[in-house]
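Novice: Chains as they are written, first to last, in the numbering used here: chain G, 1 to 263; chain L, 1001 to 1306.
Beta carbons are placed, not taken as given, at the ideal position from N, Cα and C, and that holds for glycine.
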Amino acid sequence: MKAGRFWAWFVFALGAAYFFIPLIATVEFSMRMRRGAYSFDAYKVVLGDARFQATFGYSVLAAVFTIILGVLIVVPAAYWIRLRLPQLRPIVEFITLLPLVIPAIVIVFGYIRMYGSNSPLPFLATDTGTNALLVIGYATLSLPYMYRAVDTGLRTIDVRTLTEAAQILGAGWGTIVTRVILPNVLIAVLSGAFLTFAIVIGEFTMASLLNRPAFGPYLQNIGANRAYEPAALAIIAFAITWGCMSLIQILSRFAPKSANRPN
Amino acid sequence: MKLPTQWLGVAPFFIFAIMFLILPTLYLMLGAFQNDAGQFTFNNIVGIFDPPNLKNYMQCQYDSWTSWVDGNCQLPSILAAYWISIKISLASSLIGAFAGLAIAIAIVRGGLPDWIRSATLTFSGVASNFAGVPLAFAFLATLGRLGLATVILNTLFGLNIYAHGFNILSFWGLTLTYVYFQIPLMVVIIVPAIDGLKKEWGEAAATLGATMSQYWRMVVIPVIWPSFLGTVILLFANAFGAIATAYALTGSSLNIIPIVLYAQIRGDVLHNAHLGYAIAFGMILITGLANVFYIWFRTRSERWLK
């Protein structure tokens, strides 16, 4: 057992080295902007850049709309499948896994060809339409995570009894979903939302191919033209991802741990 | 009136999935078998196997597995781009899978303190989502020509990795970078599977006189094998479709298939729109085949588990 513990420490140390050296190196690099002394100049330059603020704001907004769209699509479907249509579960699970199999670049390529200016549904003809298509694409990317999060949340509540109780009290379907089911799976929805946020905020492929002024293409542009700012941006992006994941962890403490009833 | 209420709840989901996931993909797949006039053809698929298609776009070709040839430009092919993509995805998913498995076993079964387990899991959650352009920046700052690791290795140990043929803008450079999100993804997925190993199985095996290696070979590996294999395929697809990291790291100089497709979408560099469809079709085919392989394997191993 002693040898086992040695190897466990060894593996852990090796992994820690691989994962921390790039972070340390990036922090160090990002502070080298002023010659001869460590400084936060690169961060100041980045945060003060008007394009940073504009693209970051755009991507935050896109992320918020993506989350809203994802919730609108996923919550009713997951709820209805638990309640009435369990036979559809394998199909829906299969569909939600497709975005992990079909690369994002292929999906967006399909959009560009199908929803161009000359098509019956010309999303790409207007700016608003293209923005909408970006949000739709992001919602597709987040489908696997959103669906799993919501479905896990639904598993911990007794969907049938809650629905019947609400119906006896005279609630319609809209009221049931928005005022009974959604509040009960809110924590699950929020973890899906933060994961979506982390994925969407720096997304490059779709934003770039749809020519949107988003954060991902901005990052790429800075990377191609500057020396120290990219390192600072990498640290900022890491901090954002860290923040989202921490929020998910904090939220999971409030979530009910096990099912009230197996169903 | 039964039908509408019955399907109303799932209708938005299915309409969305059909319009924005299934139809666009089918559109490309059908387009791969059509010419400009809309007639059925195999020419686009055949075109993938033609070498000189990227003549005007790519300046340099990746010469072999590990070496980068400057100024010795040859004509790359779409086929070569697929091949490099497959190699990078395979290498990064296998390295990521085995390293991730080792770390998962170490933190679950290695007798390490509890805080290490939870810290590793938290960090893995973050690192598995730390991909794309920022990841490329981090590795440029580490292993680029002026990166911290490069400089330290050179000044402290006199080891100039660039003189020894290493380049961050190469096969191994990109693989090493991809592993940064592959390992944590493996850890996040495989730790629950290892947790699922019951303590009683180990005790039962020991009672029956099994050695440690027999226990691992005959109990542990068969039980976690399906989730392990499934994750390897997920990692493969993850790397195969990724473009942002590679694009930010190498520009358009490393000729992987998503970058070729990206260039084709932006500017029709292949001068044949339907050839782009064929490339997309090939990408779906490869990730799809990987999944078929996984399902086939899983049903086989489930039969053994029964």
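1. Looking at chain G, is there any beta carbon in it that lies within less than 8 angstroms of the beta carbon of VAL1010/L?
2. Would you list the residues sitting across from PHE12/G in a DSSP beta bridge?
3. Please list the residues of the segment 122–145 of chain G that have a C-beta atom closer than 8 angstroms to any C-beta atom in chain L, keeping them in chain order.
4. Counting beta carbon pairs with one atom in the segment 1096–1104 of chain L and one in the segment 1179–1186 of chain L, are three or more of them shorter than 8 angstroms?
5. Does any CB atom of chain L fall closer than 8 angstroms to the CB of ASN263/G?
6. For the alpha helix (DSSP H) containing GLY1173/L, list its first residue and its last residue.
7. Using a Cβ cut-off of 8 angstroms (strictly closer), state whether TYR1162/L contacts chain G.
8. CA-CA distance, LEU1285/L and ALA1237/L?
9. Going by DSSP, which residues form a beta bridge with GLN268/G?
10. With three or more beta-carbon pairs closer than 8 angstroms as the criterion, would you say the segment 1196–1213 of chain L touches the segment 1247–1259 of chain L?
11. Beta carbons nearer than 8 angstroms to chain A: which residues of the segment 15–39 of chain G have them?
12. Once you ignore the five residues that flank SER39/G on each side, which residues in its own chain have a CB closer than 7 angstroms to its CB?
13. Is it the case that the Cβ atoms of LEU195/G and CYS244/G are separated by a distance below 8 angstroms?
14. Could you tell me which chain L residues have their CB closer than 8 angstroms to the CB of MET245/G, listed as they occur along the chain?
15. Does the beta-carbon of ASP1063/L have 16 or more other beta-carbons within 10 angstroms, so that it is buried, or is it exposed?
16. So, for ASN263/G: in the same chain, excluding its five sequence neighbours on each side, which residues have a beta-carbon less than 6 angstroms away from its beta-carbon?
17. Judging by CA-CA distance, which residue of LEU209/G, ILE250/G, LEU219/G and ARG226/G is the nearest neighbour of GLN1264/L?
18. To the nearest whole angstrom, what separates the beta carbons of ILE199/G and LEU141/G, a pair I think is in contact under 8 angstroms?
19. Indicate whether the contact test is met: 3 or more Cβ pairs, each with one atom in the segment 1026–1045 of chain L and one in the segment 1216–1226 of chain L, closer than 8 angstroms.
20. List, in chain order, every chain L residue whose beta-carbon is nearer than 8 angstroms to that of PHE238/G.
21. Under a Cβ-count criterion, where at least 16 other Cβ atoms within 10 Å of its own Cβ denotes burial, should ASP151/G be classed as buried or exposed?
22. Please say whether VAL1046/L and SER1124/L have beta carbons closer to each other than 8 angstroms?
23. Could you give the residue range of the alpha helix (DSSP H) that holds SER1213/L?
24. Counting only C-beta atoms, is GLY1147/L closer than 8 angstroms to chain G at any point?
25. Pull up the DSSP beta-bridge partners for GLN1034/L, would you.
26. Assign ASN184/G to one of three DSSP states: helix, strand, or coil.
27. If you draw a straight line from the alpha carbon of LEU83/G to that of ILE24/G, how long is it in whole angstroms?
28. Out of curiosity, what's the CA-to-CA distance linking ALA173/G and GLN87/G?
29. Look at ALA1248/L and ALA1136/L and say whether their C-beta atoms are less than 8 angstroms apart.
30. For ALA54/G, decide whether its Cβ has a neighbour in chain L, counting only Cβ atoms nearer than 8 angstroms.
31. At a Cβ threshold of 8 angstroms, is ILE199/G touching chain L?
32. Quick one: does ILE1088/L have its CB under 8 angstroms from some CB of chain G?
33. Any beta carbon from chain L within less than 8 angstroms of LEU47/G's own beta carbon?
34. I'd like the list of long-range same chain contacts for ILE1048/L, defined as Cβ closer than 8 angstroms, with 5 residues on each side in sequence excluded.
35. TYR143/G by DSSP, collapsed to three states: which one?
36. Just how far apart, CA to CA, sit ASP1195/L and LEU143/G?
Specialist: Put simply:
1. yes
2. Answer is none; PHE12/G lacks a bridge partner.
3. ILE136, GLY137, ALA139, THR140 and LEU143
4. yes
5. Bear in mind that a pLDDT of 43 at ASN263/G, under 50, signals an unreliable position, so the number given afterwards is only what the model happens to contain. At a cut-off of 8 angstroms between beta carbons, ASN263/G makes no contact with chain L.
6. Segment 1171–1195, the alpha helix (DSSP H) holding GLY1173/L.
7. no
8. 11 angstroms
9. Since the displayed chain G opens at 1 and closes at 263, residue 268/G lies outside it and no answer follows.
10. no
11. In the structure shown, chain A does not exist; the protein chains are G and L.
12. MET31 and MET33
13. yes
14. Here the neighbours are THR1122, GLY1125, VAL1126 and ASN1129.
15. A caution first: ASP1063/L carries a pLDDT of 37, below 50, which makes its placement in the model too unreliable to give a value.
16. Per-residue confidence for ASN263/G stands at a pLDDT of 43, beneath the threshold of 50, marking its modelled position as unreliable; the derived number appears in the next sentence. So the list is empty, once near-sequence residues are dropped.
17. LEU209/G
18. 6 angstroms
19. Touching, no, given that fewer than three Cβ pairs across the two stretches are closer than 8 angstroms.
20. Residues of chain L passing the Cβ test: VAL1126, PHE1130, PRO1134 and ALA1138.
21. buried
22. no
23. First-last of the alpha helix (DSSP H) with SER1213/L: 1212–1215.
24. yes
25. PHE1040/L
26. DSSP, read as helix, strand or coil, puts ASN184/G in helix.
27. 50 angstroms
28. Residue 173/G is actually Trp in this sequence, not Ala. Answer to the nearest angstrom: the Cα atoms are 21 angstroms apart.
29. yes
30. ALA54/G has a beta carbon lying at 8 angstroms or more from every beta carbon in chain L.
31. yes
32. So no, ILE1088/L is outside the interface.
33. Chain L, which has no Cβ nearer than 8 angstroms to the Cβ of LEU47/G, makes this no.
34. Annotation for ILE1048/L: ILE1078, LEU1079, TYR1082, LEU1275, ALA1278, ILE1279 and GLY1282 place their beta carbon closer than 8 angstroms to its own, counting only its chain and skipping 5 residues before and after.
35. The displayed chain sequence assigns Leu, not Tyr, to residue 143/G. Residue state for LEU143/G is assigned as helix, using DSSP reduced to three classes.
36. 27 angstroms
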